[in-house]
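K.L.:
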Ligand code: BTN
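In the numbering used here, the protein residues as written are 93 to 342.
(1) Would residue 333 and residue 312 be called neighbours here (beta carbons separated by less than 7 Å)?
(2) Taking only runs of the beta strand (DSSP E) that begin and end inside the region 194-277, which ones reach a length of at least 3 residues, in chain order?
(3) Measure the beta-carbon distance from residue 237 to residue 155 and round it to whole angstroms, keeping in mind my assumption that it falls under 8 Å.
(4) Compute every distance between the C-beta of residue 147 and the non-hydrogen atoms of ligand 1, then say whether any falls below 6 Å.
(5) List in chain order: all unbroken alpha helix (DSSP H) runs of 4+ residues lying wholly within the region 152-193.
(6) Please report the distance separating the alpha-carbon of residue 305 from that of residue 339.
(7) Per DSSP, residue 331 is paired with what?
(8) Quick one: give me the first and last residue of the beta strand (DSSP E) that residue 107 is part of.
(9) Could you check if residue 140 belongs to the surroundings of ligand 1, using beta carbon to heavy atom distance under 6 Å?
(10) Between residue 126 and the rest of its own chain, which residues show a CB-CB distance below 7 Å, the 5 nearest in sequence each way excluded?
(11) What residues in its chain sit with their C-beta under 7 Å from that of residue 139, if we drop five residues either side in the sequence?
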């Protein structure tokens, strides 16, 4: 299943602050950049994670890259389908590589058991109320064996399989999985994406403790709402949360 257009335009940088910022700078200067362009860095000096965190990745050992997609016309309330598509692509790729179940911790952290193996930072630019450009930054822990920060409980492919991976080779393989789901999004297969996403979601349908702004609750994920909000059912009924309002207790 080769990627058709994702990665056709491929730029490899030795060192950059952040591949997401690099793509955004090109876009802000109106540099023509075709849909599916992939910018990969051997090293990021200021790799960015979600919620303003730093993304740790030892130089030359991991995949740190950004894809530029132009999913127009995707209304902003449906933007989370793009996130679902990307997470599903990473999941399927890793399940193939590692012959092990991989799950998605809402909204888009990729987990091997209870350890984080990949993260995604999607930054959209809008035209009116539609997404024009989407910069999809992906960090996948590949050959790194020691992590300085314990914070997201990281794990790499090599720590799991004891194998060394050739980065560019697995990158293009991963891109083909992501493109498959991106094409599903482009053909408006929303129900299919949501069904697959929920089937991979960590703690879906199971009671689990969460820290909310109103304290700790025991709740189960029952759905994903508009804008990708997490829909939880607990003693207090059904509530929707965005990423700043809830924390998983792991
Ligand atoms: C997360 O916190 O889970 C998201 C991590 C995203 C990291 C990737 S690495 C490539 C791209 N460039 C960045 O600065 N961040 C993303």
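Yeah, the Cβ is synthetic: ideal placement off N, Cα and C, and Gly gets one too. Please read all numbers here as calculations on a predicted model, not as lab measurements.
P.N.:
Quick look at the numbers:
(1) One-based indexing of the chain shown puts residue 333 at position 241. One-based indexing of the chain shown puts residue 312 at position 220. For residue 333 and residue 312, no; Cβs fall outside 7 Å.
(2) Correct list: 195-197, 201-204, 207-219, 222-232.
(3) Residue mapping note: residue 237 aligns to position 145 of the chain shown, counting from 1. Residue mapping note: residue 155 aligns to position 63 of the chain shown, counting from 1. Actually they are not in contact, since the Cβ atoms of residue 237 and residue 155 sit about 16 Å apart, beyond 8 Å.
(4) Residue numbering aside, residue 147 sits at position 55 when the chain shown is read from its first letter. Residue 147: yes, Cβ under 6 Å from ligand 1.
(5) Complete alpha helix (DSSP H) runs here, min 4: 172-190.
(6) For the purposes of this step, residue 305 is identified with residue 213 of the chain shown, where counting begins at 1. For the purposes of this step, residue 339 is identified with residue 247 of the chain shown, where counting begins at 1. For residue 305 and residue 339, the distance between alpha carbons rounds to 9 Å.
(7) As a first step, residue 331 is located in the chain shown; it is residue number 239 there, counting from the start. Residue 331 pairs with 324.
(8) Taking the chain shown and counting its residues from 1, the one referred to as residue 107 is at position 15. Element bounds for residue 107: 102-108.
(9) Residue mapping note: residue 140 aligns to position 48 of the chain shown, counting from 1. Yes, the beta carbon of residue 140 sits closer than 6 Å to at least one heavy atom of ligand 1.
(10) Within the chain shown, the letter at position 34 stands for residue 126. The beta carbon of residue 126 is closer than 7 Å to those of 101 in its chain, skipping five residues each way along the sequence.
(11) Here residue 139 corresponds to residue number 47 of the chain shown, with the count starting at 1. Annotation for residue 139: 110, 146, 147, 149, 156, 231 place their beta carbon closer than 7 Å to its own, counting only its chain and skipping 5 residues before and after.
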